[in-house]
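In our numbering, the protein residues as written are 10 to 216. Think of the CB as a built atom: it goes at the ideal place given N, C-alpha and C, for glycine as much as any other residue. Report on the following structure.
Spelled out as structure tokens, the structure:
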């Protein structure tokens, strides 16, 4: 209540998504709130929401626009991590022109993109401010982008840390995109994680 301007006639709301608990934390203590479950996805366009629903125990249909279909860039099975990044960079150039850099984020599932590594290593505070820049792509990891969003997201699957649930991480990564999602990955890595129905959806939109 200390956050309220008017404690006698104010309201405080906390929003959460158990599907994004990728670090296996126990959550917060009971704050005395009245729990209300939202039954509509208010963030993601329909194809993105549909894909995310395969990865969560609490599916919710999209209340947004139909939106473009998800695109899947299949990386060769013998590709190393650099090749996966190169494939994602090719998508960056395409989206930069069509959507504008301020609307695009490239997110990796494990190791940082070289641009992310360089910017964060040089000046962490300045790197975080690039999230709000209007003249360039934002580079980050899925785990570091929790709670954030951009119109277009390039989800670059370049492995998973041992302590992270891959399905939950993919769920978080997918739902960071409001309008358009591109998944860059080896087919074998996705097949081991996602439901066959979702895999079929991705393969139908193979670039």
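Grab me the residues of residue i's own chain with a C-beta within less than 6 angstroms of its C-beta, minus the 5 sequence neighbours each way, in chain order.
i           : result
residue 143 : 111
residue 13  : 19
residue 104 : 113, 161
For residue i, report the span of its beta strand (DSSP E) as first-last.
i           : result
residue 101 : Run containing residue 101: none in the beta strand (DSSP E); it sits in the alpha helix (DSSP H), 90 to 108.
residue 12  : Note, residue 12: premise wrong, no beta strand (DSSP E); not H, not E.
residue 195 : 186 to 195
residue 173 : Here residue 173 belongs to no beta strand (DSSP E), and DSSP marks it neither H nor E.
residue 162 : 159 to 165
residue 147 : 147 to 150
If you compare alpha carbons, which of the options is closest to residue i?
i           : options           : result
residue 120 : 100, 103, 149     : 149
residue 188 : 14, 52, 93        : 52
residue 70  : 158, 54, 186      : 54
residue 82  : 138, 48, 101      : 101
residue 46  : 66, 154, 61, 197  : 66
residue 195 : 41, 123, 105, 118 : 118
residue 73  : 48, 216, 88, 86   : 48
residue 85  : 77, 204, 213, 197 : 197
residue 77  : 58, 124, 151, 126 : 58
Between which residues of its own chain and residue i is the CB-CB distance below 7 angstroms, once the five residues before and five after are set aside?
i           : result
residue 200 : 208
residue 122 : 94, 115, 148
Would you kindly check if the distance between the Cβ of residue j and the Cβ of residue i is under 8 angstroms?
i           : j           : result
residue 176 : residue 116 : no
residue 96  : residue 154 : no
residue 165 : residue 79  : no
residue 61  : residue 210 : no
residue 90  : residue 167 : yes
residue 193 : residue 146 : no
residue 1   : residue 171 : Examination of residue 1 is not possible in this model, given that the chain is present from 10 through 216 alone.
residue 130 : residue 151 : no
Counting only the same chain and skipping the five closest in sequence on each side, list residues whose C-beta sits under 8 angstroms from that of residue i.
i           : result
residue 202 : 175, 176, 179
residue 160 : 108, 112, 113, 186, 187, 188, 189
residue 128 : 135, 136, 139, 148
Residue range of the alpha helix (DSSP H) that residue i falls in?
i           : result
residue 207 : 205 to 213
Next item on the list: May I have a chain-ordered list of the beta strand (DSSP E) segments no shorter than 3 residues that lie completely inside the region 112 to 143?
Entry: If we require 3 residues or more, the beta strand (DSSP E) runs fully inside the region 112 to 143 come out as 113 to 117.
Checklist line | Completely contained alpha helix (DSSP H) runs for the region 40 to 86, where each covers 4 or more residues | finding: Counting whole runs of 4 or more residues, the region 40 to 86 contains the alpha helix (DSSP H) stretches 55 to 62.
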